[in-house]
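Counting from 1, one number per residue, gives the positions in the sequence shown under UniProt numbering. See below for the structure under consideration.
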Amino acid sequence: MSTPGPSDDAATAARSPLRRWLRGSLRRQLLVLLLPALALMMALDTWLTYGTLREAANTAYDRSLIGSVRAIDNAIGMAGETVQLALPDAAMEMFETAAQTRVFYRVTLERDGTLETVTGYGDLPLPAGTLANNAPRFYDAVYRGEAVRIAAMARPVYRPDARMRVIIQVAETAEPRAALVAQVWRNALARDVLLIVASALILVGGVTYVLKPLARVRDDVEARSPDDLAPLAFDHVPAEVRPLVDAVNRHVSRSAAMAQAQAQFIADAAHQLRTPLAILKTQAEFARRQLDGDGGPAPAREAVAGIVVQLEQASRLANQLLALARVRQHDPAAGAGG
1 MSTPGPSDDA ATAARSPLRR WLRGSLRRQL LVLLLPALAL MMALDTWLTY GTLREAANTA
61 YDRSLIGSVR AIDNAIGMAG ETVQLALPDA AMEMFETAAQ TRVFYRVTLE RDGTLETVTG
121 YGDLPLPAGT LANNAPRFYD AVYRGEAVRI AAMARPVYRP DARMRVIIQV AETAEPRAAL
181 VAQVWRNALA RDVLLIVASA LILVGGVTYV LKPLARVRDD VEARSPDDLA PLAFDHVPAE
241 VRPLVDAVNR HVSRSAAMAQ AQAQFIADAA HQLRTPLAIL KTQAEFARRQ LDGDGGPAPA
301 REAVAGIVVQ LEQASRLANQ LLALARVRQH DPAAGAGG
């Protein structure tokens, strides 16, 4: 079996003050257990809230992108083999304005595997893989050094002499949605921080309120006289604390019984000592008078006089013990602290 090394002793010594600090207060133990758990739950809630906000923002912005894609799709027409884009002036103004805020679009004609940009930004990246007809796809890419979110949709153009389809793309930089998510998340984080602070204050107040019965029991015990062995009251004591109060009361009851037994023993002993001491005192006084009358030796007279003095002191002590025993028999709790 290995013995603890110096590092183990140092670690134990370092933990000992913390353990003593925690064990010194039930309130501190409860707060140390509950507050980190509360903070952890709030952190988990914040993380989940961030994910939910991000998903909601992506959904909202993706709907806007696909709406723009369908608006372009509805404005596309064919003039022979040429694709014509007949967007209303208001729609064109929207896209021109959007271009200034980093929104991009592209209309591409795919004819027999060949791609031809009809309008928009010709270098806007196409989706990887095959794009299914009439099935919108969303994907992320990097365009002109910025992260963008792109919505793309392919629509077939049916002509008897050729296989053609139009690919429509609308892209938007990820910054607006990221800024929206960050702003909402900061607000949610500030709310959660305030909620943690408020919960901590409520928790501290709740723990203090719950521990008030213990404080009342403490005050009751401290206010008693040293010889008061009456049981502690159970009023307003929670069920979890009642076993402790009951154990204290049982201990107090045993102490009272022991004090009563001691008082009875002292009473019996004092009563039994009074008569022999009185007889001895009488005999010693008689011996002293005889020695004084007969002119006995001085050492003998002094010895007998000392015996009389000691017997008088012993008689007074016996009387005091008997009086104390009578008081304790009348009130078993009285004098227990003496």
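Cβ atoms here follow ideal geometry from the backbone N, Cα and C, with glycine treated the same way. Just so you know, these numbers come straight off a predicted model, no measurement behind them.
It is roughly 9 Å from the alpha-carbon of D123 to the alpha-carbon of T117. Annotation for Y50: the continuous alpha helix (DSSP H) segment containing it runs 26 to 74.
Between L229 and A259, the C-beta spacing is below 8 Å. Annotation for R137: the continuous beta strand (DSSP E) segment containing it runs 137 to 143. For the 8 Å CB-CB criterion, V207 and R27 form a contact. Using a Cβ distance threshold of 8 Å, A284 and L291 do not count as a contacting pair. Rounded to whole angstroms, the separation of the alpha carbons of V221 and H271 is 35 Å. T208: member of the alpha helix (DSSP H) spanning 175 to 210, first to last residue. The region 235 to 292 contains no complete beta strand (DSSP E) run of 3 or more residues. Note on geometry: alpha-carbon atoms of D268 and D246 lie some 33 Å from one another. Contact check for V197 against P213 fails: the beta carbons are separated by 8 Å or more. Q169 has R106, A152 as its beta-bridge partners, per DSSP.
By the C-beta criterion, the region 165 to 173 is judged to be in contact with the region 141 to 151, since at least 3 inter-stretch pairs fall below 8 Å.
One alpha carbon belongs to V193, the other to N249, and they sit about 46 Å apart. Look at A132 here: in three-state DSSP terms it is coil, with no helix or strand label. For the pair A154 and R111, the Cα-to-Cα distance works out to about 12 Å.
Between P156 and Y139, the C-beta spacing is not below 8 Å. Straight-line spacing of the CA atoms in A71 and R106 works out to 13 Å. As computed with DSSP, Y158 is found in a beta bridge with R163.
Annotated three-state conformation of A147 is strand, per DSSP. CA-to-CA, the gap between M42 and L195 works out to about 9 Å. L31 sits away from V210, with the two beta carbons spaced by 8 Å or more. Look at G77 here: in three-state DSSP terms it is strand. Residue pairing by DSSP places V83 opposite M78 in a beta bridge. With respect to V308, R288 sits close: the two C-beta atoms are nearer than 8 Å. About 16 Å separates the beta carbon of R224 from that of F234, a gap too long to meet the 8 Å contact definition.
Straight-line measurement puts the Cα of E312 at about 11 Å from the Cα of A305.
Straight across, the Cα-Cα distance linking A39 with Q183 is about 22 Å. Straight through space, the alpha carbons of R163 and L48 are spaced by roughly 47 Å.
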